[in-house]
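Chemist: Read in order, the letters of the sequence shown correspond to residues 63 to 201 in my numbering. After the C-alpha cells below, expect a handful of questions from me.
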Amino acid sequence: MAYVYWTHDLETGFPDIDEQHRHLVECLDQLYADQEKGDREEVGKVLEELIFYTADHFAYEERMLEDAHYRLVEQHKKVHLNFVNKVLEFQKRFDAGEDVAQDMLQLLEGWLFRHIRINDMGFVEDVKKAQANAAHKAA
C-alpha cells in the first residue's frame, strides 16, 4: 500500500517537472516501505536518493524559472534552500544513529504537496507565457 498518492491536481503541465515530482512521490513511498520493514540500510539509501534527486530537481526547476525571468525566482530558491537544509539535518541525525524516517516522512509529505500546489503552481502561468513569447520571437 502506498504512503502517498500522485493526484492530477499536482500536475504543473510541464512533463519534465511532473515526472520529477512523481519520482519524489515514489521515493516517499519507498522510504515508508523501508521504514515499515525496519530496514535501516535501505532507509539510508532512500534518504541519499532524496537528497541528491531533490537537489537536481531544484536546480532544474530554478534554471527554468531563471530562463523565464520569473519575478519570484529568488524567493522560490530560498524555499528550496530551506528545505534542503532541513533534509540535510535529517541526514546528519540519521548518520548519528537516530531513527528519523517517520519525522522525515511527515516533513516530506506535508512540504512536497504544499510546495507543488502553492509555490510551483504559482509559476506555471508566468513560465508558460515566457516560453510562448520566446517561441514566438524565435519563429
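Think of the CB as a built atom: it goes at the ideal place given N, C-alpha and C, for glycine as much as any other residue.
Tyr115 to Val108, Cα distance in whole Å?
Modeler: One Cα belongs to Tyr115, the other to Val108, and the distance between them is close to 10 Å.
Chemist: Contact check, Ile113 vs Leu150 under 8 Å by CB: the rounded distance?
Modeler: 7 Å
Chemist: Measuring straight from C-alpha to C-alpha, what distance separates Gln153 and Phe185?
Modeler: Here the alpha carbon of Gln153 sits roughly 30 Å from the alpha carbon of Phe185.
Chemist: Which same chain residues, not among the five before or five after Gly106, have their C-beta less than 8 Å away from its C-beta?
Modeler: Phe156
Chemist: Of all the options Arg125, Asp129, Lys99, Gln92, which has the alpha carbon lying nearest to the alpha carbon of Glu205?
Modeler: Missing from the structure shown is residue 205; the chain here goes from 63 to 201 and no further.
Chemist: For Asp96 and Gln82, I'd like the C-alpha separation in whole angstroms.
Modeler: 21 Å
Chemist: CA-CA distance, Tyr65 and Ala117?
Modeler: Taking the straight line joining both Cα atoms gives about 22 Å.
Chemist: Please report the residue range of the alpha helix (DSSP H) in which Ile180 lies.
Modeler: Neither: Ile180 is in no alpha helix (DSSP H) and is coded neither H nor E.
Chemist: How close, in whole Å, do the beta carbons of Leu170 and Leu72 come, if the pair is a contact with beta carbons under 8 Å?
Modeler: The Cβ separation is near 14 Å, so there is no contact.
Chemist: Kindly indicate which residue of Ala197, His85, Glu88, Val141 has the alpha-carbon position closest to the one of Asp182.
Modeler: Measuring from the Cα of Asp182, the nearest candidate turns out to be Val141.
Chemist: What residue range is occupied by the uninterrupted alpha helix (DSSP H) comprising Val141?
Modeler: 135-157
Chemist: How about Arg133 and Asp188: are their beta carbons less than 8 Å apart?
Modeler: In this structure, Asp188 lies closer than 8 Å to Arg133 by Cβ.
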